[in-house]
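Just below is one structure, and these are the notes that go with it.
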Amino acid sequence: MRVYVVDSYGELSAKAALIVAGQVAFKADSVLGLCTGSTPVGMYKELSAMHQKQGLDFSRVITFNLDEYYGLAPDNIQSYHYFMKKNLFDHVNIKQENIHIPDGLAADIDAECDRYEEAIQKAGGIDLQVLGIGRNGHIGFNEPAAKFSAATFLTELDEDTIKANARFFASPGEVPTCAITMGIKTIMQAKKILLLANGPEKAEAVRNAVKGDIDPYVPASILQLHSDCTFIIDREAAKYL
Ligand code: GLP
Numbered sequence: 004m005r006v007y008v009v010d011s012y013g014e015l016s017a018k019a020a021l022i023v024a025g026q027v028a029f030k031a032d033s034v035l036g037l038c039t040g041s042t043p044v045g046m047y048k049e050l051s052a053m054h055q056k057q058g059l060d061f062s063r064v065i066t067f068n069l070d071e072y073y074g075l076a077p078d079n080i081q082s083y084h085y086f087m088k089k090n091l092f093d094h095v096n097i098k099q100e101n102i103h104i105p106d107g108l109a110a111d112i113d114a115e116c117d118r119y120e121e122a123i124q125k126a127g128g129i130d131l132q133v134l135g136i137g138r139n140g141h142i143g144f145n146e147p148a149a150k151f152s153a154a155t156f157l158t159e160l161d162e163d164t165i166k167a168n169a170r171f172f173a174s175p176g177e178v179p180t181c182a183i184t185m186g187i188k189t190i191m192q193a194k195k196i197l198l199l200a201n202g203p204e205k206a207e208a209v210r211n212a213v214k215g216d217i218d219p220y221v222p223a224s225i226l227q228l229h230s231d232c233t234f235i236i237d238r239e240a241a242k243y244l
């Protein structure tokens, strides 16, 4: 695991975008695993600008998002479908058919989870997975639990996650209580992983992930076992390292 500590959110976003752009430049048909939340917004802005000003080409890129809220339609402004459209997909030349996000409205959830896993395999696996981290150490929506999850599944959100994500909703009562998320095994199968974290509220999760025991109650700690994992974090998130 490599840990780069940077001075600002701007620097974090620029460095992360360079890594993703490098991956796409190196392999035009890269399979990218993408995340949502506040953390990657700056990186997506940089990538959009790289497309618009320097012609970074997404026409052959395939994407798989980590997760989606259960019960939210793609056009719901709180959905991760909507987030990705507004923050990246509307600004680059990615093909609609190359975008994959779990269907939060799927009638048969098990079939949807199997379909998602199969689509990742069919695409040849994820070349580069970008992650944020929850205050409780979650990655995707893999919450602290007695054991690490495996494949894509329907999960219940932790109280802490619901509280943290309530800022995007009109009230905490509106935050969905369940989500479809890639499992830990799915994430660990990515060839490369890039985790981004900024701000003091992530410092404890970052310390536990980087320096703590590998513990399913800190889902991100499993990343210590990945052979090509990079953390880019700002000074505040690094304060306990
Ligand atoms: C959400 C997402 C995660 C994200 C995390 C942190 O619940 N499911 O993928 O990494 O929370 O979000 P933020 O970047 O807004 O702190």
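Using the working numbering, the letters of the sequence shown correspond one by one to residues 4 to 244.
Backbone N, C-alpha and C define an ideal beta-carbon position, used for all residues, glycine too.
Extent of the continuous alpha helix (DSSP H) to which residue i belongs
i      : result
Phe29  : 12–29
Glu207 : 206–214
Val9   : Where Val9 is concerned, there is no enclosing alpha helix (DSSP H), although the beta strand (DSSP E) it sits in stretches over 5–9.
Phe86  : 83–90
Leu50  : 44–57
Glu162 : 162–168
Thr155 : From DSSP, Thr155 is part of no alpha helix (DSSP H); its letter is neither H nor E.
Lys188 : 187–191
Residue i - partner residues in DSSP beta bridges
i      : result
Ala247 : Nothing about residue 247 can be reported from this structure: the residues present for the chain run from 4 to 244 only.
Tyr72  : Ala182
Leu197 : Val133, Thr233
His103 : Phe67
Asn139 : Paired residues: none, contrary to the question.
Asn96  : Partner(s): none; Asn96 has no beta bridge.
Asn145 : Ile142
Which listed residue (the options) has its alpha carbon closest to that of residue i
i      : options                        : result
Met191 : Ala173, Gly25, Leu131          : Leu131
Ala154 : Asp113, Pro179, Val95, Asp93   : Asp113
His229 : Thr189, Asn201, Tyr7           : Thr189
Tyr211 : Lys242, Cys181, Arg118         : Note that residue 211 is Asn in the sequence shown, not Tyr. When only C-alpha atoms are compared, the closest one is Lys242.
Gly36  : Leu244, Glu100, Val133, Ile235 : Val133
Met185 : Asn168, Met46, Gln124          : Gln124
Ala20  : Leu226, Lys98, Leu197          : Leu197
Lys214 : Gly202, Pro203, Phe234         : Phe234
Ala122 : Asp218, Phe67, Glu14           : Phe67
Leu157 : Thr164, Asp106, Phe172         : Asp106
Tyr72  : Phe171, Pro203, Asp231         : Phe171
Phe86  : Gln57, Glu120, Cys232, Val44   : Val44
Cys232 : Lys195, Leu108, Leu244         : Lys195
Gln99  : Leu108, His84, Ala110          : His84
Ser62  : Glu162, Asp93, Asp216          : Asp93
Gly13  : Met46, Lys166, Tyr220          : Met46
His103 : Glu120, Glu162, Pro219         : Glu120
Cys38  : Gln57, Lys88, Asp111           : Lys88
Limits of the beta strand (DSSP E) - the one that residue i falls within
i     : result
Gly36 : 34–37
Short Cβ contact (8 Å threshold) for residue i with residue j
i      : j      : result
Pro208 : Ala223 : Here residue 208 turns out to be Ala, not Pro, going by the sequence shown. Cβ atoms of Ala208 and Ala223: closer than 8 Å.
Ile65  : Asn101 : yes
Pro179 : Gly74  : yes
Leu160 : Ala193 : no
Asp237 : Ser11  : yes
Asp70  : Ala31  : no
Val34  : Gly143 : no
His54  : Val95  : yes
Val6   : Leu15  : no
Leu226 : Met4   : yes
Ser41  : Leu91  : no
Glu177 : Thr164 : no
Phe151 : Ile97  : no
Ala17  : Glu49  : yes
Ala257 : Leu108 : As displayed, the chain neither begins before 4 nor continues past 244, which places residue 257 out of reach and without an answer.
Closer than 8 Å to chain C by CB, residue i
i      : result
Val209 : The chain inventory of the structure shown lacks chain C, comprising one protein chain alone.
Is there contact here, the region 138–153 with the region 195–209, by at least three beta-carbon pairs under 8 Å? yes
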